[in-house]
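To keep things clear, I will list the structure first and then write my remarks on it.
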Amino acid sequence: PGVPRHTNRLINEKSPYLLQHAHNPVDWYPWGQEAFDKAKTENKLIFLSVGYSTCHWCHVMEEESFKSKEIGDIMNEHFVCIKVDREERPDVDKVYMTFVQATSGGGGWPMSVWLTPDLKPFAGGTYFPPEDGVHRVGFRTVLLRIAEQWKVNKDALLESSQRILEALRHTSDIRVQGQESPPPPKEVMDTCFQQLSRSYDEDYGGFSKSPKFPTPVNLNFLFTYWALHRTTPEGARALEMALHTLKMMARGGIHDHIGQGFHRYSTDQHWHVPHFEKMLYDQGQLAAVYSRAFQISGDEFFADVVRDILLYVSRDLSDPAGGFYSAEDADSYLTTTSGEKREGAFCVWAAEELRALLPDPVEGATEGTTLGDVFMHHYGVEEAGNVDPMKDPHQELKGKNVLIARGSAELTAARFRLEPARLSALLQECRQRLASARAQRPRPHLDTKMLAAWNGLMISGFAQAGAALAEQGYVSRAAQAAAFLRTHLFDPDSGRLLRSCYRGKDNSVEQSSVPIQGFLEDYVFVIQALFDLYEASLEQGWLEWALHLQHMQDKLFWDPQGFAYFSTEAGDPSLLLRLKDDQDGAEPTPNSVTVTNLLRAACYSGHMDWVEKAGKILAAFSERLQKIPITLPEMVRATALFHHTLKQVVICGDPQGEDTKEMLHCVRSVFSPNKVLMVADGDSTGFLYRQLPFLASLERKDGKATAYVCSNFTCSLPVTSVQELRGMLSP
């Protein structure tokens, strides 16, 4: 393409999503004072469009409407048009998504909202087709109708927007009611388990028919439920539900068998045909949850999935400076000369393509068998394609195959008379060949924005995997990313986190001219990551930074009247609502995770007011936790930890000594959801000793590494045997 015909203000932004719209004929503004002033001065309505760079329907609406000169002219004449990257500004997204969900009963992206000049919403929706159809009003019609209403009915619109805002304020207010205390843990845990159990898919795992999301929060809850009920039938069922779901996901098409990592969700019940974008937050959480599955089961299948995820992230989502990129798109060009992108083009295969790539005869197998026969059988490939047309409304996947391992490796080996080890080697060879072929295809767009919160989730994934799998390389990668955060997403002068930074030219790391300050989720996920990294590396500097950030989070976000933390800090006049998220979704809600963070922070610092704060959060969410705990499985998990009190597992010894390493390996290999780990190395000037004076009284027994299991800083008798320690770690 030659010189673009249009360029708007988004050309000066750093967000890949905003830059995608910099050459639309729409006169887009970024969210900010310039746009607000223009709306007020010219007495114009605002059209707000919110999306993200790997969102399929956002691309569709851009192609159909925002690239249209005719529609662009209507937008420019009647509205001040603002574009927001929801990943950069989750605060803006959440305020207006609350409105869209309340008024339309649904939500999603792209989000399209019309606001008065003082930013109050009065109409909204998600994707609009450009022209009227049988069942839907077209975007052009909506624009013209709303513009007309503003001309003839302005006062009514203003009045309506004010009423809507008051109603939203009322319904979204989460606060402690009277003298409420944390809810009873047993009832809340049991209700959540029963609600999940009822929605569980016995055949394919997961918790709905379709679409199916990985939702690691559900699986983490089930693991904790099992750990606290392991001798009961309910505990056994919880473990079976979690492990079966993880196995079915790993065999399914939601898992990229050639390029590694997981796609965002499955459009069907069988985990087969995914929405093909890959999000960093999924990789981070899934690496952690598959690590826990390996700790619990000892099954190498789960450890292999962990390695697969971390290989993908290390190769495709890693910045040379150490940070992690946000996402890869679902859509890409079929060939280097294609004019249009298609969803899944980078990942799917035609049967004849696979035959051509895998023609070799397989020695020792049933006569006439080729590599292609073995591979295609194992991964469910069909000559006419294996995608249900109902799951492919735009026929983008017609004749193509999404790889899915429907049967076991043992069955495939038996069918072709191969030894299981030989089959494994053959399939590995096939996958490497296909990866080389796929590398010749045009890659999907990579969103090189780096977010503090999602980097935190990924650091936790690497750190927990490094500890559970005893892989020091993963711990080192987590430490490299944490150092990146401290350099690029932390302001040492103010002591505050920043939300985002960006890959610039020549792989430099760039910041916006006005950096976006960190939100609650940035603090919560980074603090969690630093605790995980300390337990995996024993570097006390990470602990010190985590406690500093926890103090800062308290200062910026705590609600002293209603309890719990607001998602945003006070003082931004452009944000009409200060909200508290109340649902664990693709990511856990920050208040859920922060309960456990506060309990860990108290164990490492001795500040018991943090335990009190954790209880106040549970009290603020008490009604929701008792009625519909399935919406907050991570907070339910934290409720149990709050009442069970965390065990401080203290190992006295030289961190480099073999006897200390053996004890550390024991602690890290056992799944124990209510423990924190620390090493007392005898250095009384170190950070931990200064925080926790009781450590000075703990000694090595008979000169050997010695473990103590403490509760509220009161410790058990010393233990020097790994077997005894293992027995003390169960909840």
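Numbering-wise, my numbering comes out as the position in the sequence shown, counting from 1, plus 124.
Note that beta-carbon positions come from the ideal geometry of N, C-alpha and C, so glycine has one too.
* According to the Cβ coordinates, are R601 and F586 closer than 9 Å? -> The criterion of a C-beta distance shorter than 9 Å is satisfied by R601 and F586.
* To do: Determine the contact status of G806 and C839, defining contact as a CB-CB distance below 9 Å.
  => Going by C-beta atoms, G806 is not nearer than 9 Å to C839.
* **Rounded C-alpha distance that separates D406 from D279** => C-alpha separation (whole angstroms): 45 Å.
* **Among S192, P307, P684 and E693, nearest to V150 - alpha-carbon criterion** => S192 is the residue among S192, P307, P684 and E693 whose C-alpha sits nearest the C-alpha of V150.
* Based on Cα-Cα distance, which residue from Q596, L671 and F160 lies nearest to L812? -> The shortest C-alpha separation from L812 is found at L671.
* To do: Use the C-beta contact count for D497: other C-beta atoms within 10 angstroms, 16 or more gives buried, fewer gives exposed.
  => Counting Cβ neighbours within 10 Å, D497 comes out buried, since at least 16 surround it.
* **Own chain, CB closer than 6 Å to S284, minus 5 neighbours either side, in chain order** => Counting only Cβ-Cβ distances below 6 Å, and skipping sequence neighbours, we find F246.
* **Those residues which DSSP pairs with I135 across a bridge** => I135 pairs with nothing; no bridge assigned.
* Which runs of the alpha helix (DSSP H) fall wholly inside the stretch 271-328 and span at least 4 residues, in chain order? -> Runs of the alpha helix (DSSP H) spanning 4 or more residues and lying entirely within the stretch 271-328 occur at 278-295 and 309-323, in chain order.
* Is A529 helix, strand or coil by DSSP? -> Three-state result, A529: coil.
* **First and last residue of the uninterrupted beta strand (DSSP E) at D256** => Where D256 is concerned, there is no enclosing beta strand (DSSP E), given that its DSSP letter is neither H nor E.
* Under the assumption that I166 contacts P154 (Cβ atoms under 8 Å), give the Cβ distance between them as a whole number of angstroms. => What sits at residue 166 in the sequence shown is Glu, not Ile. Between P154 and E166 the Cβ distance is about 18 Å, and since that is not below 8 Å, they are no contact.
* Could you tell me if H518 is buried or exposed, where buried requires 16 or more neighbouring beta carbons within 10 angstroms of its beta carbon? => So H518 counts as exposed.
* Taking only runs of the beta strand (DSSP E) that begin and end inside the stretch 347-385, which ones reach a length of at least 3 residues, in chain order? -> With a minimum length of 3 residues, no continuous beta strand (DSSP E) run stays inside the stretch 347-385.
* To do: Find the nearest neighbour of V773 within the set D440, Q674 and V846, judged by alpha-carbon distance.
  => V846 is the residue among D440, Q674 and V846 whose C-alpha sits nearest the C-alpha of V773.
* To do: Answer yes or no: do L856 and Y647 have a C-beta to C-beta separation smaller than 9 Å?
  => Nothing can be reported for residue 856: it is not among the residues displayed for the chain, which extend from 125 to 855.
* With 16 other CB atoms within 10 Å as the buried threshold, where does M514 fall? -> Classification for M514: exposed.
* Segments assigned beta strand (DSSP E), at least 3 residues, entirely inside the stretch 585-656 -> Listed in chain order, they are 624-627.
* Y153, DSSP secondary structure in three states -> Y153 falls in the strand class under three-state DSSP.
* Could you spell out the range, first to last residue, of the beta strand (DSSP E) harbouring A247? => From DSSP, the beta strand (DSSP E) with A247 extends over P245 to G249.
* Cα-Cα, which of Q319, F160 and K629 is closest to C242? -> The sequence as given places Asp at residue 242; Cys does not occur at that position. Residue F160 is the option with its Cα nearest to D242.
* Under 9 Å between C-beta atoms of D512 and D392 -> For D512 and D392, yes; Cβs fall inside 9 Å.
* How many whole angstroms separate the CB atoms of A451 and L482, which I take to be in contact at a CB cut-off of 8 Å? -> Not really, about 31 Å apart at Cβ, beyond 8 Å.
* Contact check, M759 vs V719, beta carbons under 9 Å -> Note that the C-beta distance between M759 and V719 is below 9 Å.
* To do: Pull up the distance between the alpha-carbon of A411 and that of T763, whole angstroms please.
  => A411 and T763 have their C-alpha atoms roughly 24 Å apart.
* Under 9 Å, do K371 and H387 count as touching if we go by C-beta distance? -> Result no, Cβ atoms of K371 and H387 do not sit closer than 9 Å.
* How would you write the range of the beta strand (DSSP E) that A804 sits in, first residue to last? -> Looking at the DSSP string, the run of the beta strand (DSSP E) that includes A804 is K799 to A804.
* Express the C-alpha separation of W473 and P485 in angstroms, rounding to a whole number. => Cα to Cα, P485 sits roughly 21 Å from W473.
* Own chain, CB closer than 6 Å to E188, minus 5 neighbours either side, in chain order -> Correct list, in chain order: P254.
* For N836 versus T769, is the C-beta spacing smaller than 9 Å? -> Yes, Cβ-Cβ distance for N836 and T769 is below 9 Å.
* Asked: Are C86 and Y141 touching if we call contact CB-CB under 9 Å?
  -> This structure leaves residue 86 out entirely; the chain is present only between 125 and 855.
* Asked: With which residues is K785 paired in a DSSP beta bridge?
  -> In the DSSP assignment, K785 forms no beta bridge with any residue.
* Residues that C471 bridges to, as DSSP identifies them -> C471 pairs with nothing; no bridge assigned.
* **Contacting residues, own chain, Cβ-Cβ under 8 Å from V599 (five flanking each side not counted)** => Sequence-distant Cβ neighbours of V599 in its own chain, meaning closer than 8 Å and more than five residues away, are F586, A587, G590, A591, L657, A660 and S661.
* Reference R627, options D706, R610 and L441, closest by Cα -> Taking only the C-alpha atoms, the option nearest R627 is L441.
* G619 versus Q815: straight-line alpha-carbon distance, rounded -> Going by the C-alpha atoms only, they are around 20 Å apart.
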